[in-house]
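Chains as they are written, first to last, in my numbering: chain A, 5 to 208; chain B, 5 to 208. Note that beta-carbon positions come from the ideal geometry of N, C-alpha and C, so glycine has one too.
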DNA sequence: TTCCGCCTCTTTCCAGCGTCAAGATTCCAG
DNA sequence: CTGGAATCTTGACGCTGGAAAGAGGCGGAA
C-alpha cells in the first residue's frame, strides 16, 4: 500500500478535509470568525488550494450547511425510529432529535438557518433542506391522516415553528438563563408534548 | 483651506450617524457583509473615527441589536394596544407586531438572535432583550392569570417559540416558498390563533 | 515505455478589512 | 485666554478573500 508521504503535493481528499476542518472551525469561531485561510491551514494546504474545490467561501459554507441538513435529517429519523407511542410518539421523538442536533452543533445549526449560507443557493443545499422539511411534514401528517391539506400544512407550520423556535431561543440564551441542563430538557419535552397535543386536537 | 460646513472636523452626532448608517448597511449586506469602514464612509468620516464611539465592530453590532430590541418592544406594544378581544387578542396582536418587525428588518432581526451580537454582552443589550422577554411573558400571563407559575412559564416558552420559530423559518425561506404575501399572512395568523388556543386550553 | 495535457497545489500579488498609534483640529473648563 | 481633553485624520500593521502565474504529479495516447 502506497501510503502517502507526510505532506504530498497532491492532497487527494482535500474536499473532505476542508469540510471536516471547516466544521470544527465553525463551531470554534462562529460564523463571523470563520476564515477560509484558517480552514486551509488546518487541512495542511496553502490558502489558495480550496479554490479548486469550492468557488468561494460562501460555496464552502453552503456545503457545510448542506451536510448539516443531511445529518439533521438522520438525527431526526434515528430518534423517531426508536420511539414508542405511535405517530404522536414519533412526532415528539423527531422533535427531540431536532433539538439534540441543534444543541450539539449550535454554530452549524445557526449557519443552516442564517441566510448567509443561502447567498449561494446550491442545489445540494436546497435539496437537503427540503428533505428535512418533508420529514417534518410527514411526521405531522401521520398524526392527523384524515385532516384536510390545509390543516395539515398549518399544523406542519405550527410543529416546525415550535420546535425550531424553542431550540433557537435556547441556544441564543433567550430561554432558561440559569436553568440546569436537566431542567431545560424537561422544558423542551413539555413544549413538545404541548405541540403534539395541539396537532392532535386541531387536526383530529 | 476652509472645510465645507457639510463636513466639519467634528461631526457632533457621529454615534447616532453610525447607528443609522450601520443599520442600513446591515440590511443591505447582511451580517457577514457588514464592515466598519463602509459604515464610517456612509457617515462621512474617516475609517478610524468610529473607534471613539464604539470600542470594536462587535460593540457597534451590539448597539444595533440593542436598539433593535427596543424597537421590537415598541412594535409589540403598539400592536397590542390597538387590539380588541381582551387578553387573548392582545397576545395574538403582540405576536403580529413581533412578526411584522422581523419581516421589516430581517437582517437586524437575525443579528439580534445570532449570538454574534452577544459576543460582547453589553448591559444595554441584555436589558433590551430582557424587556422584550418580559413583554411576552406578561401577555401570556394575562391570558391565564390563575395558572401555576410553572404552567405560565411553559406557556410563555411555547408562545415565544411558536412566534419566533415561524417568522424565523419564513425569513429563511423554509416556510411558504412560493406563497403570496397575503397567503403568508393568513398562515401566520392561523399559527398565532392555534398558539393562543393552546395557551388558553392548557393554562385555563 | 515516453510524453503531453490537465488537474491540483504553491507562490505571489492585490485591494480591503479591523485595529492601533501619532498627529491635527476643535471644544471647553479654568 | 489658555492648556488639556475630546474628536477626527492619516498612516501603518497583519490579517482576509480572491486572482494570476508557475510548479508538481497523474493518467491517457502515442
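Taking buried to mean at least 16 other C-beta atoms within 10 Å of its own C-beta, is residue i buried or exposed?
i, result
"residue 114(B)", "buried"
"residue 54(B)", "buried"
"residue 98(B)", "buried"
"residue 166(A)", "buried"
"residue 150(A)", "exposed"
"residue 101(B)", "buried"
"residue 208(A)", "exposed"
"residue 59(B)", "exposed"
"residue 195(A)", "buried"
"residue 14(B)", "exposed"
"residue 110(B)", "buried"
"residue 190(B)", "exposed"
"residue 51(B)", "exposed"
"residue 90(B)", "exposed"
"residue 86(B)", "exposed"
"residue 131(B)", "exposed"
"residue 88(A)", "exposed"
"residue 187(B)", "exposed"
"residue 10(A)", "Because the pLDDT at residue 10(A) is just 46, under 50, the model does not fix this residue reliably, and the point stays unresolved."
"residue 178(A)", "buried"
"residue 148(A)", "buried"
"residue 20(B)", "exposed"
"residue 134(B)", "exposed"
"residue 202(A)", "buried"
"residue 71(A)", "buried"
"residue 32(B)", "exposed"
"residue 1(A)", "With chain A running from 5 to 208 in the structure shown, residue 1(A) is simply not present."
"residue 47(A)", "buried"
"residue 28(A)", "exposed"
Considering only C-alpha positions, which residue in the set the options is nearest to residue i?
i, options, result
"residue 61(B)", "48(B), 175(B), 43(B) and 177(B)", "43(B)"
"residue 129(A)", "26(A), 116(A), 52(A) and 141(A)", "116(A)"
"residue 136(B)", "51(B), 203(B), 50(B) and 73(B)", "73(B)"
"residue 63(B)", "168(B), 200(B), 125(B) and 31(B)", "125(B)"
"residue 193(A)", "132(A), 176(A), 140(A) and 171(A)", "171(A)"
"residue 35(A)", "155(A), 119(A) and 145(A)", "119(A)"
"residue 57(A)", "17(A), 30(A) and 78(A)", "17(A)"
"residue 3(A)", "48(A), 22(A) and 49(A)", "Any question about residue 3(A) goes unanswered here, given that chain A covers just 5 to 208."
"residue 206(A)", "69(B), 197(B) and 208(B)", "197(B)"
"residue 140(B)", "66(B), 152(B), 160(B) and 175(B)", "160(B)"
"residue 24(B)", "65(B), 51(B), 208(B) and 14(B)", "65(B)"
"residue 92(A)", "155(A), 15(A), 78(A) and 145(A)", "145(A)"
"residue 155(A)", "204(A), 183(A) and 94(A)", "204(A)"
"residue 142(A)", "32(A), 28(A) and 95(A)", "95(A)"
"residue 45(A)", "158(A), 26(A) and 177(A)", "26(A)"
"residue 200(A)", "164(A), 175(A) and 49(A)", "164(A)"
"residue 169(A)", "153(A), 40(A), 157(A) and 107(A)", "107(A)"
"residue 180(A)", "78(B), 152(B) and 158(B)", "158(B)"
"residue 77(A)", "47(A), 28(A) and 138(A)", "138(A)"
"residue 103(A)", "28(A), 175(A) and 29(A)", "175(A)"
"residue 173(B)", "162(A), 105(A) and 82(A)", "162(A)"
"residue 127(A)", "67(A), 152(A), 84(A) and 83(A)", "67(A)"
What are the boundary residues of the alpha helix (DSSP H) that includes residue i?
i, result
"residue 138(B)", "127-147"
"residue 157(B)", "153-176"
"residue 31(B)", "18-37"
"residue 85(B)", "61-85"
"residue 42(A)", "40-47"
"residue 56(B)", "Neither: residue 56(B) is in no alpha helix (DSSP H) and is coded neither H nor E."
"residue 113(A)", "110-116"
"residue 205(B)", "185-207"
Examine the ligand FMN and report whether any of its heavy atoms sits within less than 8 Å of the Cβ of residue i.
i, result
"residue 161(B)", "Absence of the ligand FMN from the depicted structure is noted, as is the absence of any ligand whatsoever, leaving it without description."
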